[in-house]
Amino acid sequence: MLQVIGSLLSILAATSFANPVGPRAPGWSFNLKGDSGLVALESIIVSPTLAVFFNKALDDPLQINNHSAWGALWNLETNEVTPLDLQTNSFCASGALLSNGTMVSVGGDQHGIAGDGTMGLRIFEPCDDPAGVGCTIFEDPENLHLAEKRPV
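Residue numbers (mature numbering (1 follows the signal peptide of the UniProt record, and there is no 0)): -18 to -1, 1 to 134.
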């Protein structure tokens, strides 16, 4: 019995140090190349060059219209950020991309420094400029919102 265990252990040791057969799968990694000015709790790739970031409505360093921005447009090529002027708290929102490329963010949180996001509806339409110039998010909580509050 001890001989069998010894043989199995020697085979296990020999195979654990062997090089894998065949090419390795390509890997990927994140490289820090800039500062978005907010925590990207939600990241949505909206084009080959742009990502939309949403954070909880906090006192982040990124500013827009004399208040902290909790939404941003990140240029994936230049690592530059453009603040987005969200009106409601997008924390805990959900979202989807429509077939025409429009990104819709739905719901959010009622707490924080922003408007109640539980009925929030935010729309980012496809952006023609690869650098994001002139691209923004549409939000009009008085006229365009969910029919009912999201349960919290």
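Each residue gets a CB set at the ideal place from its N, CA and C atoms; glycine is no exception.
Residue i, buried or exposed, once every other Cβ within 10 Å from all chains shown has been counted against 16
i	result
SER25	exposed
GLY9	exposed
SER87	buried
ALA129	exposed
ILE119	buried
ALA75	buried
Residue i versus residue j - alpha carbon distance
i	j	result
LEU126	GLU62	30 Å
THR64	ALA22	13 Å
SER72	PRO5	43 Å
ASN37	GLY90	10 Å
ASP41	VAL115	25 Å
ASN48	PRO30	30 Å
GLN69	GLU59	28 Å
HIS93	ALA7	44 Å
Which of helix, strand or coil DSSP assigns to residue i
i	result
ASN47	coil
LEU128	coil
MET85	strand
ASN57	strand
ILE119	coil
LEU23	coil
LEU32	strand
LEU40	coil
THR70	strand
ILE105	strand
PRO65	strand
LEU80	coil
Legend entry - Segment contact, 8 Å Cβ cut-off, at least three pairs: the stretch 76 to 83 with the stretch 111 to 120: Short answer: they don't touch.
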